[in-house]
Structures are given as structure tokens and as C-alpha cells.
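Asks: Before I ask anything, here is the structure I am working with.
2 protein chains.
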Amino acid sequence: MLKHALLGLLHYREMSGYDLEQFINSSIGHFWHAKLSQIYRTLKALEEEGLVTSRFEEQEDARSKRIYTLTNKGLKEFQDWLTTFDTELDSTKVPFLVRLFFFGMVGKAQIEAQLRVWTDLHQRQLAYYQNIHIPEDVSSPDDLFFWKATLRFGVMYEEMVLHWLEEMKKDLGIV
Amino acid sequence: MLKHALLGLLHYREMSGYDLEQFINSSIGHFWHAKLSQIYRTLKALEEEGLVTSRFEEQEDARSKRIYTLTNKGLKEFQDWLTTFDTELDSTKVPFLVRLFFFGMVGKAQIEAQLRVWTDLHQRQLAYYQNIHIPEDVSSPDDLFFWKATLRFGVMYEEMVLHWLEEMKKDLGIV
DNA sequence: AAATCCATGTAAACGGTTACATGATTTG
DNA sequence: CAAATCATGTAACCGTTTACATGGATTT
């Protein structure tokens, strides 16, 4: 997945590993984060596969960068992936539901405390999504539409979780 | 995560690897699935750590099973994990949003087709969640409450995704 | 007779996380 | 002067997936 995400971002413009991390943090990182170390390793692998090329740009102030550029092969690989049809749902992993599943064995005070913390965390995350301003100049109107759609998903997801938490608290008699 | 899930399930009753997979498929598997091969390897690791013990039950009809039982150490480990406080959100991974992020580069016909397929898949998944009947005898009322809460999450998640898809289709002029 | 279920596992590969290692520049 | 930012990467580890391998019992 990260491979294709990197190819997609390099399709916009050539970038260094560090640039890619910055871009990811402000965009797809909300639903597919990646550590710098992983980005560097993945870029190396992509280069070995001939999907990107790199050149090292020496800077006098020691801010030297290795700039990665999409190859034709890389572009094709990306487009193939992009137009692949999903015909099954992704299997989602929601760690906090695993813990919640066993909460029948936990004391009520503990349950209340954890539900309040989750509520707080998701309220913050909702506020965070609501305050993101996409730099409108960086992409085409079409790109912008889908970028916004992913943020809208984030907002709706957090609202849903908060409703679900309120329902549960109500059922448990937690105010 | 799977380690603790297995410990939790073995807290209900002793089970074989195969039994555990069956149980998982009908419960936490909706948000944390595991392959049989992984379950067997994880049980082996748990045994090496002294968190479970096993005995091999020979059956004459070749349905021999290795039954795993929680040890005191395993119980303690599980309880420690269960009462650990979340203080940060899990970093979620939503693969289809990564692809959608780049849909500005895709033709409209393709977009429409994929949105329709996603709608169909999530409608099926919603129906699936709505039709699950938890065997009410297998667990205590408290356990049942939280089991239902996880299913309720599944329902609300699918409804949210469907609303989000409808919004997007409306914005794109797709009927 | 074929497919599915019951039941066990191993091995290789893959993707991701954490820790380590370095060093200059900018900001507070 | 300390902390954060810019910038690169390697190594070890861990969890998960996929493929392989076996074989009897039951259902269609």
C-alpha cells in the first residue's frame, strides 16, 4: 500500500523522502501513516524495482537531498493499481473494540473512566479534522474534491464514534 | 493484540486452536480477524511464555485436539492488558481512502462504477451485521452488553460509510 | 465421487515498528 | 544554549499473510 501511495505522490511532483513524509502527514497520513524509516526503505525498494529513480542534490548548507522521480514503469504501475477494482471489503482492524469486547470483566468505575477518555480523544480528533485547511492551490479541482472527501470521512467517522459512545454511556447510566 | 484476544477467549473456557478460530470468526473477528496459521503460531508462543498450557486429547475418530488452558500467569497478563488505559487514538488504516485520495486522476465512468461497488459491498455488510444473532446463553449479561456494543459499532460504521458515499455521489451528480 | 468440515501445523515472505546512528541549521 | 527542524539512513524485531503439507469424517 505504501509503495503505491508514494508512487501517487511522486506523480504530483518529484520529492525527497523527507518531503514525502511531510506531504503524507498532512494528507493520506490520517488513514495510512508511515514512519520516515519505512519511507526510506520503501523508496529504496521502489528504485530497485525501477519504479522510481533518484539523484542526490548537494546543497552547500548541508541540506543535501535525495530526490526521487517517477519512471514510466512506475507511472504505469501506479495507474494499474489506481484503476484496480475493489470487489471485497478491506478487513478492518479496530483495536479498541477488541478490548471493549472483554469489558464485561472490568469494574464499572474503570469502564466509565475509559469511555470518558475515548470520548475526549475522539472529540479532539473531530475538532482537528474540522480545522484542517487544505492549501487550495496545490492541486487541481478534481484532486481537491477527493482530498476533501477523505477529510469528510474523517469527520463523519469521529461523529459516528461519538454517537456510539453516547449511546453506550446512556445505556450504562453514565452521565 | 491477537495474543491478548486469545488469552481473553481462553478465560471463558479452554479451547483448541480450531475452536478459537470458530469463536473469533463469530465475534471479535469482525474487527480483528486472524488466520488459523497465525492462531497456531501464537498459541505456541503463548505456551513458551507460560501464559497457557496445552494437553493433547486423543480421539478415536482421529478428531484429536490440542486443548489450551489459561495459566495464572496468563490470567494476570490478560487482566493487566484489559485494564490498560488508552490515552491516544489507535492509528487507523483505511486502504480504500488511500486509493480514493488519487481519484482525481481517474475517469468519471470508473469513479461511478467503483462508488457503486463500494455502496453495494457496504450495504451487504450492514445487512450482515443486522442479521447476526448472538447466542444469548453463551455469556453473562455484562459480556453480552459489550458484545452487542461491538456489533452496534459495526452497524453504525456501515451506515456512516453509506451516508458518506451517498453524499459523494450527490456531489458528483451520480444517481 | 466431490466438496466441505474438522484438525493440525511449518516455512517463507512481507510490511511495519522501534531503536540506533549521525550531523548541520534554525528557532526560542 | 537548548530544543526543534531538516535530512539521511541501517538493523533488529515483531506480527501478519500466503503458501505449503497432511489426512480422516461428513455432507451433498
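Sequence order for the protein chains is A and B. Under my numbering, the residue at position 32 of the first sequence is numbered 15, and the numbers go up by one with no gaps. Under my numbering, the residue at position 114 of the second sequence is numbered 97, and the numbers go up by one with no gaps. C-beta atoms are modelled at their ideal positions from N, C-alpha and C, and glycine is treated no differently. Please read all numbers here as calculations on a predicted model, not as lab measurements.
1. Using a cut-off of 8 angstroms between C-beta atoms, extract the partners of V89/A located in chain B.
2. Does the beta carbon of H116/A come closer than 8 angstroms to any beta carbon on chain B?
3. What residues in the region -15 to -2 of chain B have a beta carbon less than 7 angstroms from any beta carbon of chain A?
4. DSSP three-state label for P10/B, please.
5. Spatial neighbours of I0/B within its chain, please: CB distance less than 8 angstroms, with the 5 preceding and 5 following residues excluded, ordered by chain position.
6. Report the rounded CA-to-CA distance for A(-12)/B versus Q5/B, giving the unit in angstroms.
7. Under 9 angstroms between beta-carbons, which chain A residues line up against A92/B? List them in chain order, please.
8. Thinking C-beta only, is H105/B closer than 8 angstroms to E149/B?
9. For R(-14)/B and H146/B, I'd like the C-alpha separation in whole angstroms.
10. Within a Cβ cutoff of 7 angstroms, which residues of the same chain sit near R38/A, ignoring the five residues on either side of it in sequence?
11. Strictly by DSSP, which residues pair up with K131/A?
12. Between T133/A and Q113/B, what straight-line distance do the alpha-carbon atoms span, to the nearest angstrom?
13. What's the C-alpha gap between R46/B and D126/B?
14. Identify, in the order they occur along the chain, each residue of the same chain with its Cβ nearer than 7 angstroms to the Cβ of L34/B, setting aside the five sequence neighbours on each side.
15. Quick one: which residues of the region 68 to 85 of chain B get their C-beta closer than 9 angstroms to a C-beta of chain A? List them in chain order.
16. Roughly how many whole angstroms lie between the Cα atoms of E40/A and R(-4)/A?
17. Give the DSSP bridge partners of M151/A, in chain order.
18. On the DSSP letters alone, give me the boundaries of the beta strand (DSSP E) that F39/A sits inside.
19. Going by the C-beta, is E31/B closer than 7 angstroms to any heavy atom of the ligand COA?
20. To the nearest angstrom, how far is the alpha carbon of R99/B from that of H16/A?
21. Since S(-1)/A sits in a beta bridge, which residues does DSSP pair it with?
22. Could you spell out where the alpha helix (DSSP H) holding F61/A opens and where it closes?
23. Compare the beta carbon distance of F136/A and I11/B with 8 angstroms and say whether it is the shorter of the two.
24. Taking 8 angstroms as the threshold (C-beta atoms), are T75/A and F14/B in contact?
25. In angstroms with no decimal places, state the Cα-to-Cα distance between M151/A and F79/B.
26. Taking the straight line between their C-alpha atoms, what separation do you get for P118/B and V138/B?
27. Which value, in whole angstroms, describes the spacing of the CA atoms of K91/B and T66/A?
28. Is W101/B helix, strand or coil when you go by DSSP?
29. Please list the partners that D126/A has in chain B, where partner means a Cβ-to-Cβ separation under 7 angstroms.
Replies: Quick answer:
1. What V89/A touches in chain B: L65, T66.
2. False, the Cβ-Cβ gap to chain B never drops below 8 angstroms.
3. Cβ contacts with chain A: A(-12), G(-9).
4. Note that residue 10/B is Ser in the sequence shown here, rather than Pro. It is coil, neither helix nor strand.
5. A small correction: the amino acid at residue 0/B is Gly; Ile does not occupy that position in the sequence shown. Only residues of its own chain outside the window of five on either side were considered, and among them L19, I22, Y23, L26, R49, Y51 have a CB closer than 8 angstroms to the CB of G0/B, listed in chain order.
6. Between A(-12)/B and Q5/B, the C-alpha separation is close to 13 angstroms.
7. Chain A residues near A92/B: none, gap ~11 angstroms exceeds 9 angstroms.
8. Their beta carbons are not under 8 angstroms apart, which means E149/B does not touch H105/B by this criterion.
9. A small correction: the amino acid at residue -14/B is Lys; Arg does not occupy that position in the sequence shown. Distance between the alpha carbons of K(-14)/B and H146/B: 35 angstroms.
10. Result list for R38/A: I50, in chain order.
11. None; K131/A has no bridge partner.
12. In a straight line, the C-alpha of T133/A is about 26 angstroms away from that of Q113/B.
13. Cα-Cα distance, rounded: 30 angstroms.
14. So the qualifying residues of the chain are L(-10), T54, K56, G57, E60.
15. Of all residues in the region 68 to 85 of chain B, only F68, D69, T70, E71, L72, D73, S74, T75, K76, V77, P78, F79, L80, V81, R82, L83, F84, F85 place a beta-carbon less than 9 angstroms from a beta-carbon of chain A.
16. In a straight line, the C-alpha of E40/A is about 16 angstroms away from that of R(-4)/A.
17. None; M151/A has no bridge partner.
18. DSSP places F39/A in the uninterrupted beta strand (DSSP E) bounded by 35 to 40.
19. As presented, the structure is devoid of all ligands, the ligand COA included, so that no description of it is given.
20. Approximately 27 angstroms between the Cα atoms of the pair.
21. S(-1)/A pairs with I50/A.
22. Element bounds for F61/A: 55 to 65.
23. The answer is no: Cβ separation not under 8 angstroms.
24. Against a cut-off of 8 angstroms, the Cβ pair of T75/A and F14/B comes out as a contact.
25. Just so you know, the alpha carbons of M151/A and F79/B end up roughly 29 angstroms apart.
26. Distance between the alpha carbons of P118/B and V138/B is about 18 angstroms.
27. Annotation: K91/B to T66/A spans about 12 angstroms, alpha carbon to alpha carbon.
28. Annotated three-state conformation of W101/B is helix, per DSSP.
29. The answer, in chain order, is G87.
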